[in-house]
Structure formats: structure tokens, C-alpha cells
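Novice: A single structure is presented below for examination.
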Amino acid sequence: MRQIVIIGSGPAGYTAAIYAARANLKPLVIASSVEFGGELMKTTEVENFPGFPDGIMGPDLMMKMQAQAERFGAEIVYDDVTKVELAGDVKKIHLGDGTVVEALAVIYATGSEYRKLGLADETRLSGYGVSWCATCDGAFFKQKKVAVIGGGDSALEEATFLTRFADTVYLVHRRDAFRASVAMQERAFADPKIQVLWNQEVAHVYGDEKVTGIGIVDTETGTETTLDVQGMFVAIGSDPRTHLIHGQLDLTEAGTIAVEGRSSRTNIPGVFAAGDVVDPTYKQAITAAGSGTVAALDAEHYLADLPNDLLVAAGGDPREPAAPVPDPAIISA
Ligand code: NAP
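Going by my numbering, the sequence shown opens with residue 124, and the numbers climb by one from there.
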């Protein structure tokens with residue numbers, strides 16, 4: 124049995140691991156079999172993470188976080204969690220290879236997953252021209268035309284990145300204003316390869332075996348046009364990844380895991396949540412990292428209050444018995 128298991132290996136998971144490892148809690152990080160490192164593994168340059176004045180590539184940042192956690196004794200497992208049993212003092216985490224890991228405390232930092240447009244052909248042509256990751260798939264679109272759907276930071280970042288490969292990048296947005304940061308917008312507007320198409324929604328994805336075009340509808344006039352593109356990158360945000368804890372942990376109206384005040388404490392004692400899975404608003408690497416810190420500190424306090432026999436069973440150091448309170452009669456004598 125472990126003192127603490129951290130599920131997730133994004134900025135929240137690894138920061139929690141750094142703090143838990145430095146507190147000698149010997150954390151085990153379940154990092155996922157494919158998506159280890161979280162969303163930053165699919166990003167290019169990260170320019171807003173403090174401490175890197177010249178920017179840092181997303182995957183490099185995650186490797187550094189992992190190395191820092193391992194330096195203090197965190198152990199990483201590259202597998203997926205298939206089921207969690209969170210009630211009671213001993214939590215059970217089931218892994219893809221059949222292993223069941225037991226732990227006294229769990230930090231749930233599973234991040235978020237990409238939203239889909241909800242079109243049948245989007246799923247059918249996924250991997251055949253439809254993608255959610257420009258850094259992963261962009262190179263397949265050299266000298267081609269692609270469309271990026273969305274109007275947030277992700278969409279504008281993806282569009283700008285894709286201009287390295289594609290001849291034309293259509294940025295298709297359902298409204299007439301972006302919600303992306305001003306810096307991202309200025310970069311996209313200044314790029315001659317990017318054509319912004321306002322007030323357009325995707326109605327169709329065309330192609331038998333590969334994407335050959337998309338049908339977009341003008342939200343004001345209802346007119347449908349076909350864009351001849353070989354790729355469609357969907358960048359319309361993400362939803363918290365909570366499917367494993369439904370029925371166990373309480374959720375907010377936004378679908379994130381509910382926590383007590385500014386803490387990471389969920390409705391189940393010993394279960395803490397951090398990162399995008401608790402954050403419907405900010406979703407930044409640095410806020411996730413801060414939230415991972417909170418979770419590790421909360422977990423540390425929780426473990427410190429557990430009975431000695433449980434801590435020892437989980438490989439923890441037994442606490443020193445409290446010093447006896449001196450007899451006031453002896454002190455005054
Ligand atoms: P987001 O900010 O939620 O933006 C999603 C965009 O997709 C919005 O423009 C939204 O349109 C559009 N959209 C949503 N559902 C749609 C649908 N069904 N059909 C068509 N369009 C749809 O998501 P995000 O861009 O992934 O960013 C998430 C968070 O990560 C943000 O806090 C962002 O700042 C952060 N982020 C930061 C960076 C960076 O700093 N380097 C990079 C990427 C992301 P409406 O505008 O009409 O709602």
C-alpha cells in the first residue's frame with residue numbers, strides 16, 4: 124500500500140508529486156499510457172510560464188517537471204486508470220494491466236479532454252484529416268489547405284503553428300470576435316497564410332477515406348459554402364475528465380470536481396483534486412501547478428492525522444508519540 128497516489132501527469136500532477144516527494148510521502152504517479160505529460164505535450168512554445176524568459180517548448184517543460192519529481196523519489200507508472208474505489212481509509216486504483224494499487228490518499232489530476240463538434244463524419248474521419256492536435260499532425264499537411272475551428276487561445280495557437288506547413292489556414296469561428304488573448308490575435312492577424320472566416324459553423328465534413336472539404340454555414344444568412352481543405356483541426360475547448368469518478372465525487376454545475384473552498388478537498392476524505400479537473404475558468408499551466416501544490420499540502424495534512432498503524436502499513440514513518448503533558452503540581456513544586 125502507498126501513502127499517496129497521484130492520478131495524472133500534467134502540471135498539476137507533477138507539481139503535486141514534487142511536493143509530496145519532498146515531504147517523503149514516496150508518491151506514485153499514474154501518468155497514462157499515451158497522454159502522459161498532459162496537454163502541454165501537444166503544445167509548442169510556452170511563453171507565459173514564469174522562470175523561462177525566452178519561452179520553453181511544452182514537452183521540455185513537462186520533462187523538467189517529471190525529472191524534478193523523480194529527483195525527490197516520485198515513481199512514475201505509464202498506464203491508464205480503469206476504475207477507482209475511493210470510499211474508506213484505503214483507496215483502490217485499478218490499472219490497465221490489471222494491477223490494483225492501494226493508497227491512503229489520492230490526488231485526482233486528470234485534466235481535461237478535447238471537445239468535439241458532434242458531427243458523425245468528424246469521428247469517422249478522425250486520424251484521416253480530422254485532428255485535435257496541430258503539433259502532432261501538422262507535418263502531414265505540407266503545402267495543403269487546412270481549417271482550424273474555434274476562437275480561443277488554442278485555435279489561434281494551432282492556426283499559427285500550422286502555417287509552418289500548410290499553404291492556407293482558414294480560421295473558422297462561430298462569432299465575429301475571438302476570445303483569445305490579444306497577443307495571440309495580433310500574431311494570427313499578421314500572418315498572411317491565415318484567413319479568418321467569421322460567423323461560420325461547421326455543418327459537414329466531406330471525404331470518403333480522407334477529408335476533402337468541410338461545409339460551413341453562415342450563422343447570419345444561413346448560406347452554406349464548401350471549403351476545399353485536406354485537414355480540419357478542432358480547437359473548441361475541453362471538458363474536465365471525470366468519467367471514472369461519477370457517482371463517487373461530487374461535481375459542480377460546470378462539470379468540474381467540487382472542492383471545499385480554496386482547498387483541494389473533495390467530498391471523500393483522503394481524495395483531493397487539482398488542475399483543470401477542478402478549474403472551469405483559468406486552465407493555465409501555472410494555475411494547475413499551483414493547484415497541485417495545494418493538493419499535495421492538503422494530502423500531507425490529511426495523512427498526518429491518520430492512525431499510526433495505517434501510515435506504517437503504507438510504508439510511512441511512524442509518528443513519535445506525543446510528549447506527556449507535565450503534571451502542573453510537579454511544575455509548581
Ligand atoms: P476556450 O477558451 O474555451 O475557447 C473555445 C473556443 O471554441 C471559443 O472561441 C468558442 O466559441 C469555440 N467553441 C466552443 N464550442 C464550439 C462549438 N461547438 N462549435 C464551434 N465553436 C465552438 O478553449 P481553449 O482555446 O482551448 O482555451 C482553454 C483555456 O486554455 C483558456 O483559458 C486559454 O487561455 C488557455 N490556453 C492558453 C494558451 C496559452 O496561453 N499559450 C494556449 C491554449 C489555451 P465562443 O467564443 O463563441 O464561445
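Even glycine gets a Cβ: it sits at the ideal position worked out from N, Cα and C.
Just checking Asp276 against the ligand PLP - is the residue's beta carbon closer than 7 Å to any of the ligand's heavy atoms?
Specialist: Although the ligand PLP was asked about, the structure shown includes only the ligand NAP as ligands.
Novice: Look at Phe175 and Ala144 and say whether their C-beta atoms are less than 8 Å apart.
Specialist: Not closer than 8 Å, so no.
Novice: Whole angstroms are fine: how far does the CA of Thr416 sit from the CA of Lys215?
Specialist: If you take the alpha carbons of Lys215 and Thr416, they lie about 23 Å apart.
Novice: Taking the beta carbon of Ser156 as the centre, do at least 16 other beta carbons fall within 10 Å, making it buried, or is it exposed?
Specialist: By the neighbour-count rule (16 or more Cβ atoms within 10 Å), Ser156 is not buried but exposed.
Novice: Give me the Cβ distance between Thr233 and Val400, rounded to the nearest whole Å; I'm assuming they're in contact under 8 Å.
Specialist: The pair is a contact, with the Cβ atoms about 5 Å apart (cut-off 8 Å).
Novice: So within the region 247-325, which uninterrupted beta strand (DSSP E) runs reach at least 3 residues, ignoring any that extend past its ends?
Specialist: You should have 268-272, 291-295, 317-320.
Novice: Is the closest heavy atom of the ligand NAP to the C-beta of Ile339 under 7 Å?
Specialist: No - the ligand NAP has no heavy atom lying nearer than 7 Å to the Cβ of Ile339.
Novice: Can you name, in chain order, every residue of its own chain whose Cβ lies under 6 Å from the Cβ of Val340, other than the five neighbours on each side?
Specialist: These residues qualify, in order along the chain: Glu324, Ala326, Glu347.
Novice: Tell me which residue opens and which closes the beta strand (DSSP E) that Leu350 is part of.
Specialist: Element bounds for Leu350: 347-350.
Novice: Helix, strand or coil for His369? Go by DSSP, reduced to three states.
Specialist: Looking at His369 - three-state DSSP - the assignment turns out to be coil, as it is neither helix nor strand.
Novice: Any idea what DSSP makes of Val417, helix, strand or coil?
Specialist: DSSP places Val417 in helix when its eight states are reduced to three.
Novice: Looking only at C-alpha atoms, which of Pro447, Asp450, Leu429 sits nearest to Asp440?
Specialist: For Asp440, the nearest C-alpha among the options comes from Leu429.
Novice: Taking the alpha carbon of Asp212 as the reference point, which residue from Gly438, Asp450, Leu434 has its own alpha carbon closest?
Specialist: When each option's Cα is compared against that of Asp212, the closest is Leu434.
Novice: Assign Arg298 to buried or exposed, taking buried as 16 or more other Cβ atoms, counted over all protein chains shown, within 10 Å of its Cβ.
Specialist: Exposed.
Novice: Just the Cα atoms here: how many angstroms apart are Ala303 and His217?
Specialist: When rounded, the distance between both Cα atoms is 39 Å.
Novice: Hey, could you find the ends of the alpha helix (DSSP H) Met355 is sitting in?
Specialist: Not the alpha helix (DSSP H): Met355 falls in the beta strand (DSSP E), residues 354-357.
Novice: Is any non-hydrogen atom of the ligand NAP found closer than 7 Å to the C-beta of Ile359, if you look at the structure I gave you?
Specialist: Within the cutoff, so yes.
Novice: List the whole-angstrom C-beta distance separating Ile272 from Ala377, where the pair is believed to meet the contact cut-off of C-beta under 8 Å.
Specialist: So it is not a contact: roughly 22 Å between Cβ atoms.
Novice: Exposed or buried, what is Glu332 when buried is set at 16 or more other beta-carbons lying within 10 Å of its beta-carbon?
Specialist: Per the 10 Å Cβ criterion, exposed.
Novice: Could you pull out every residue in the same chain whose Cβ sits closer than 7 Å to the Cβ of Arg388, ignoring the five residues on either side in sequence?
Specialist: Excluding residues within five positions, the ones whose Cβ falls inside 7 Å are Val382, Phe395, Asp421.
Novice: State whether the region 310-321 contacts the region 199-209, with contact taken as three or more CB pairs (one from each stretch) at a distance under 8 Å.
Specialist: Result no; under three Cβ-Cβ pairs closer than 8 Å.
Novice: At a cut-off of 7 Å, would you count His296 as near the ligand NAP, judging by its Cβ distance to the nearest heavy atom?
Specialist: Result yes, Cβ under 7 Å from the ligand NAP.
Novice: Which of helix, strand or coil does DSSP assign to Val400?
Specialist: Val400: helix per DSSP, three-state reduction.
Novice: With a Cβ-Cβ cutoff of 8 Å, do Tyr293 and Ala270 count as a contact?
Specialist: A contact, by the Cβ cut-off of 8 Å.
Novice: What is the DSSP secondary structure of Tyr237, reduced to helix, strand or coil?
Specialist: Here Tyr237 sits in strand by DSSP.
Novice: Measure the C-alpha to C-alpha separation of Val152 and Val128 and round it to an integer number of angstroms.
Specialist: Those two C-alpha atoms are separated by around 6 Å.
Novice: Compare the C-alpha of Lys265 against each of Cys256, Glu170, Leu285, Met164 and name the closest.
Specialist: Checked all of Cys256, Glu170, Leu285, Met164; the closest Cα to Lys265 is Leu285.
Novice: Counting C-beta neighbours from all protein chains within 10 Å, is the total for His296 16 or more, i.e. buried, or is it exposed?
Specialist: Flag for His296 reads buried.
Novice: Heavy atom of the ligand NAP less than 7 Å from the Cβ of Glu280, yes or no?
Specialist: Yes, the Cβ of Glu280 comes within 7 Å of a heavy atom of the ligand NAP.
Novice: How about Arg238: is its Cβ closer than 7 Å to a heavy atom in the ligand NAP?
Specialist: Result yes, Cβ under 7 Å from the ligand NAP.
Novice: Please report the distance separating the alpha-carbon of Ser249 from that of Gly241.
Specialist: So the two alpha carbons sit approximately 12 Å from each other.
Novice: Restricting to Cα atoms, I'd like to know which of Tyr231, Gly393, Ala418 is closest to His369.
Specialist: If we check each option's Cα against that of His369, Tyr231 comes out closest.
Novice: Report yes if the C-beta distance between Ala190 and Ile141 is below 8 Å; otherwise report no.
Specialist: For Ala190 and Ile141, no; Cβs fall outside 8 Å.
Novice: With the cut-off set at 8 Å, would you say Leu320 and Gln126 are in Cβ contact?
Specialist: In this structure, Gln126 does not lie closer than 8 Å to Leu320 by Cβ.
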